[in-house]
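This report refers to the structure that appears directly beneath it.
In full-length UniProt numbering, the protein residues as written are 1 to 287.
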């Protein structure tokens, strides 16, 4: 009776080029990672006339010793135990606000010599604005106007620990109040009860980090929920996924990533803003 390993070897040989002899066959045992995880990284270094297959914690290579040496060199860095990674999330909200100030004083009658001139209103400081004074022999009229733009900034930094290959969730959202209607039947009478409850609009990002040599492969999935019908609390949900390679300690802007889903990620960040003049950004760093 063939063992499971023997059957696996025979099936692997069926997909190997005939130009490679059986003497070039080598079985490579993996310690920490699976063949399914490592094959996408190792296959690019295998020439077309050679073969590399695997399953579970075993790889089978048929080819030259030189290629095998390259594979072993890569495995020394890749086939390691799951590392503990630190995710740092920096959320920033910037708000712009404008304030206008107007005042009118004095009085004037028709007739007399009239003059008009513009100056900076008193107390305006560096605010843009002007004063218009109409004066004559019979009185004067003064109109002051000024405008000021202020900018507010809120920033929060969070850190969390996650294992290599484990998924972490970054939440950006708010609880939305809506009216819930409940019909009850008591003594053959229908009673309508209404109450206000909070429903979580759970927007955010799922981040799945995988260590790849000196870099980290990030799989980022934005989760965007929106209130389709606030009166009944119906929430829409959409999901897209993006994969990006980053360096350790490198800050990335989740709203500026290109590729599929970039508009969804930007909309997600905008949904976290409570006002039209508020802009939100989320930066992520993996160490």
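Beta carbons are placed, not taken as given, at the ideal position from N, Cα and C, and that holds for glycine. All of these numbers come straight from a predicted model, not from anything done at the bench.
### Message
Applying the 10 Å Cβ sphere with the 16-neighbour rule, what's the burial state of residue 161?
### Response
With fewer than 16 Cβ atoms within 10 Å of its Cβ, residue 161 is classed as exposed.
### Query
Mind checking residue 53: buried by the 16 CB within 10 Å criterion, or exposed?
Buried is the call here.
### Query
Which residue comes first and which comes last in the beta strand (DSSP E) that contains residue 171?
Per DSSP, residue 171 belongs to the beta strand (DSSP E) from 168 to 171.
### Task
Mark residue 286 as exposed unless 16 or more other C-beta atoms lie within 10 angstroms of its C-beta, in which case mark it buried.
Counting the other Cβ atoms within 10 Å of the Cβ of residue 286 gives 16 or more, which makes it buried.
### Task
Please classify residue 73: does DSSP put it in a helix, a strand, or coil?
DSSP places residue 73 in helix when its eight states are reduced to three.
### Message
Between which two residues does the alpha helix (DSSP H) holding residue 44 run?
### Response
In the DSSP assignment, residue 44 falls outside any alpha helix (DSSP H), carrying neither H nor E.
#### Entry: DSSP three-state assignment for residue 30, whether helix, strand or coil
Correct three-state label for residue 30: coil.
### Start-to-end residues for the beta strand (DSSP E) that takes in residue 207
That run of the beta strand (DSSP E) goes 204 to 212.
### Query
For residue 280, which of helix, strand or coil comes out of DSSP?
In this structure, residue 280 counts as strand in the three-state DSSP scheme.
#### Entry: Beta-carbon proximity list for residue 241, same chain, < 6 Å, skipping 5 on both sides
Taking residue 241 as the centre and dropping the five residues before and after it, the same chain places the C-beta of 221 closer than 6 Å to its C-beta, in chain order.
### Task
For residue 45, I'd like the list of residues in its chain whose CB is within less than 8 Å of its CB, leaving aside the five on either flank, ordered along the chain.
These residues qualify, in order along the chain: 67, 70, 71, 74.
### Query
When the Cα atoms are used, what is the spatial distance from residue 178 to residue 205?
Low local confidence applies: a pLDDT of 48 at residue 178 is under 50, so the model's placement there is unreliable, with the coordinate-based value given in what follows. Counting only the Cα atoms, residue 205 lies some 25 Å from residue 178.
### Message
What does the alpha-carbon distance come out to for the pair residue 37 and residue 88?
### Response
One C-alpha to the other measures close to 25 Å.
#### Entry: Endpoints, the beta strand (DSSP E) within which residue 59 is located
Run containing residue 59: 58 to 62, per the beta strand (DSSP E) assignment.
### Query
For residue 50, which of helix, strand or coil comes out of DSSP?
Here residue 50 sits in coil by DSSP.
### Query
If you count every other CB in all the chains shown that lies within 10 Å of the CB of residue 80, and 16 or more means buried, which is it?
The residue is exposed, with fewer than 16 neighbouring Cβ atoms inside 10 Å.
### Task
Could you check if residue 27 is buried or exposed, using at least 16 other CB atoms within 10 Å of its CB as the buried criterion?
Here residue 27 is exposed, its C-beta having fewer than 16 other C-beta atoms within 10 Å.
### Task
Using 10 angstroms around the beta-carbon of residue 276, count the other beta-carbons present and answer buried if the total reaches 16, otherwise exposed.
In this prediction, residue 276 scores a pLDDT of 48, lower than 50, which makes its location untrustworthy; the coordinate-derived value is nonetheless stated afterwards. Result: exposed.
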